[in-house]
Amino acid sequence: MAGLSDQDNESYEMGMHTEQLAGRTQEIFFSPREGENFVHPDSFDVDFDKRAEFDAAGLEIAEINLKIRELMESGHGTIVVRNPGARHSIGVGILNRLNLIIDGSLGYFGVGLIDGPNVRISGRVGWSCAENMMAGTVVVEKNGGSTFGAALRGGDLVCRGAVGSRTGIDMKGGTIIVGGDTGAYSGFMMQRGRMVVCGNAGKNLGDSMYDGTIFVGGEIRSLGVDAVPGEMTDLDRAWLERKLAMYELLPSRGVGHFQKIVAGKQLWNYDNLEPTEKKIVL
Amino acid sequence: MAGGTYKGSELGHVDHFIDGDGLDSEREIEIGQHIGYRYDVNLLPDYDRLTPFLTTYIETMGWDDLNWLEDVHMGYEEGRPAVFDRNINGWVSIPEDTELPDNQQDRDMLARELLIKFQMSRRHPLVELNKAYRKF
Numbered sequence: 000m001a002g003l004s005d006q007d008n009e010s011y012e013m014g015m016h017t018e019q020l021a022g023r024t025q026e027i028f029f030s031p032r033e034g035e036n037f038v039h040p041d042s043f044d045v046d047f048d049k050r051a052e053f054d055a056a057g058l059e060i061a062e063i064n065l066k067i068r069e070l071m072e073s074g075h076g077t078i079v080v081r082n083p084g085a086r087h088s089i090g091v092g093i094l095n096r097l098n099l100i101i102d103g104s105l106g107y108f109g110v111g112l113i114d115g116p117n118v119r120i121s122g123r124v125g126w127s128c129a130e131n132m133m134a135g136t137v138v139v140e141k142n143g144g145s146t147f148g149a150a151l152r153g154g155d156l157v158c159r160g161a162v163g164s165r166t167g168i169d170m171k172g173g174t175i176i177v178g179g180d181t182g183a184y185s186g187f188m189m190q191r192g193r194m195v196v197c198g199n200a201g202k203n204l205g206d207s208m209y210d211g212t213i214f215v216g217g218e219i220r221s222l223g224v225d226a227v228p229g230e231m232t233d234l235d236r237a238w239l240e241r242k243l244a245m246y247e248l249l250p251s252r253g254v255g256h257f258q259k260i261v262a263g264k265q266l267w268n269y270d271n272l273e274p275t276e277k278k279i280v281l
Numbered sequence: 000m001a002g003g004t005y006k007g008s009e010l011g012h013v014d015h016f017i018d019g020d021g022l023d024s025e026r027e028i029e030i031g032q033h034i035g036y037r038y039d040v041n042l043l044p045d046y047d048r049l050t051p052f053l054t055t056y057i058e059t060m061g062w063d064d065l066n067w068l069e070d071v072h073m074g075y076e077e078g079r080p081a082v083f084d085r086n087i088n089g090w091v092s093i094p095e096d097t098e099l100p101d102n103q104q105d106r107d108m109l110a111r112e113l114l115i116k117f118q119m120s121r122r123h124p125l126v127e128l129n130k131a132y133r134k135f
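For the record, the sequence lines run as chains A and B. In terms of numbering that gives the first Met the number 0, the first sequence has 246 at position 247, counting the first letter as 1, and numbering is strictly consecutive. In terms of numbering that gives the first Met the number 0, the second sequence has 128 at position 129, counting the first letter as 1, and numbering is strictly consecutive.
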């Protein structure tokens with residue numbers, strides 16, 4: 000940094016901050032000898048073998064979500080929701096281990112913000128299914144709308160059919176698997192995680208992606224800015240085969256034909272002097 | 000296997016981010032600042048190295064693989080091994096008396112195990128926050 004002090008001073012004088020971005024180190028609370036506990040302390044103690052189902056027809060959205068919560072509270076680990084009627088925001092905010100079966104279709108923002116459950120949806124889903132999902136699995140048997148898995152943080156989100164545009168926009172982790180085709184701008188501003196498209200991908204795939212990996216089994220209409228082909232490794236192939244087999248989506252000819260797309264990282268230029276550079280350019 | 004890959008090139012040594020200053024690319028050297036993570040975020044897990052603790056965790060949750068833990072790696076913060084906890088948006092230092100494995104895949108498995116123990120502990124910071132702020 001010694002040779003950059005003049006530039007540092009210049010940015011200070013122009014009113015630009017030079018804050019170093021860093022996480023906060025936690026050095027307390029933790030011992031590796033903690034007792035073995037596999038669920039969050041405040042989560043509901045549920046039994047996967049204890050099953051309940053209810054008819055959602057005629058219930059308000061909030062009533063449906065509260066009903067799911069009450070059943071978890073009473074120890075039900077498998078819950079079936081009949082007749083969801085493609086309403087929005089069903090099954091959101093579930094922070095528990097659970098088998099949730101949706102017998103029908105969901106509207107916008109279905110099963111968003113979840114952390115842990117295994118969800119199976121027998122119908123279709125609207126925009127932003129599993130948006131901000133943290134952990135768990137979601138399997139959609141038919142097609143999905145746009146922004147499928149927007150801002151996904153973790154877990155597996157699977158659509159056996161085709162999905163719309165901007166799939167996995169801003170995803171920060173986790174895995175999205177599409178059995179069919181995906182629309183334009185899939186993986187837009189992706190930051191990490193993995194996307195697997197068994198069919199074709201629309202134009203501008205991976206546009207402005209910062210990091211992460213996209214695997215495509217079909218044709219790619221075009222790559223977006225800073226999305227470039229990557230080299231497929233043995234670990235990639237083994238992971239792809241195992242993951243696709245898990246969801247019964249492994250093609251009969253294997254994964255040898257899949258292409259790997261990664262970030263070119265030409266956009267990796269953010270630093271504490273960037274505001275100065277922008278000022279100079281403008 | 001050594002240290003895996005980082006920014007498209009092989010890492011020479013697994014302790015690269017403990018011993019080094021993090022200035023690898025031309026851009027980093029030019030600006031004198033490390034860019035991005037101090038580990039390969041795209042490194043996929045080697046399931047042959049799964050620990051018994053993680054196997055039990057996966058079974059408990061009803062999953063078939065590491066699920067969200069596939070994105071958890073051992074990183075290095077301020078010259079110390081650490082794991083990032085997204086729930087507190089901060090790094091949790093690996094205790095100093097923990098012996099580090101000699102390859103990144105085993106270190107990642109260790110980091111996943113320690114993170115689960117930390118997150119599920121009653122002494123996790125979110126437990127107190129939950130009591131104070133939960134609405135229903």
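Ideal placement from N, C-alpha and C gives every residue a C-beta, glycine not left out.
Chain-ordered neighbours of residue 13 of chain B on chain A, where CB pairs are closer than 8 Å: Result: empty, since nearest Cβ-Cβ is about 16 Å, beyond 8 Å.
C-alpha distance - residue 100 of chain B paired with residue 44 of chain B, whole-angstrom precision: For residue 100 of chain B and residue 44 of chain B, the distance between alpha carbons rounds to 15 Å.
Residue 182 of chain A vs residue 166 of chain A beta-carbon contact at 8 Å: Going by C-beta atoms, residue 182 of chain A is nearer than 8 Å to residue 166 of chain A.
Nearest residue (CA-CA) to residue 179 of chain A, options A/188, A/200 and A/190: A/200
Counted within 10 angstroms of its Cβ, other Cβ atoms place residue 95 of chain A as buried (16 or more) or exposed: buried
Short CB-CB distance (under 8 Å) between residue 91 of chain A and chain B: Judged by the 8 Å Cβ criterion, residue 91 of chain A is not in contact with chain B.
Identity of the residue in B/74, B/52, B/92 and B/36 nearest residue 36 of chain A by Cα: B/52
Where the beta strand (DSSP E) containing residue 126 of chain A begins and where it ends: Careful: residue 126 of chain A lies outside any beta strand (DSSP E) and carries neither H nor E.
Pick from B/54, B/77, B/104 and B/103 that is closest to residue 91 of chain B, judged by C-alpha positions: B/77
Residue range of the unbroken alpha helix (DSSP H) whose run includes residue 55 of chain B: Looking at the DSSP string, the run of the alpha helix (DSSP H) that includes residue 55 of chain B is 51-60.
Contact set between residue 255 of chain A and chain B, taken where Cβ atoms lie within less than 8 Å: Under the 8 Å cutoff, chain B gives no residues; its nearest Cβ is about 17 Å from residue 255 of chain A.
Cβ of residue 50 of chain A within 8 Å of any chain B Cβ: no
C-alpha distance - residue 55 of chain A paired with residue 234 of chain A, whole-angstrom precision: 44 Å
Cβ neighbours of residue 106 of chain A in the same chain (closer than 6 Å, five flanking residues each side left out): 85, 86, 87 and 125
Where residue 127 of chain A falls, given that 16 or more other Cβ within 10 Å makes a residue buried: buried
Residue from A/149, A/153, A/117 and A/143 with nearest C-alpha to residue 133 of chain A: Closest by C-alpha distance to residue 133 of chain A, out of A/149, A/153, A/117 and A/143, is A/153.
Distance between residue 128 of chain B and residue 249 of chain A (C-alpha atoms, nearest Å): Roughly 43 Å separates the two Cα atoms.
Any C-beta of chain B under 8 Å from that of residue 59 of chain A: No, no contact with chain B.
Span of the alpha helix (DSSP H), counted from its first residue to its last, around residue 75 of chain A: No alpha helix (DSSP H) contains residue 75 of chain A, which is instead part of the beta strand (DSSP E) from 75-81.
Secondary structure of residue 184 of chain A, DSSP reduced to three states: Coil, per DSSP.
Nearest candidate by alpha-carbon position, reference residue 136 of chain A, set A/156, A/48 and A/130: A/156
The stretch 83-90 of chain B contacting the stretch 54-62 of chain B, beta-carbon criterion three pairs below 8 Å: no
Residues near residue 92 of chain A in its chain [Cβ-Cβ closer than 6 Å; skip 5 each side]: 112
Contact set for residue 51 of chain A: own chain, Cβ-Cβ below 6 Å, skip 5 residues either direction: 70, 75 and 78
Start and end residues, alpha helix (DSSP H) containing residue 66 of chain A: 60-72
Host alpha helix (DSSP H) of residue 132 of chain B (start-end): Segment 124-132, the alpha helix (DSSP H) holding residue 132 of chain B.
Contacts of residue 134 of chain A in chain B (Cβ-Cβ under 7 Å): Within chain B, the residues near residue 134 of chain A are 66 and 67.
Whether residue 123 of chain A touches residue 142 of chain A by CB criterion (8 Å): yes
Buried or exposed (CB count within 10 angstroms, at least 16 for buried), residue 260 of chain A: buried
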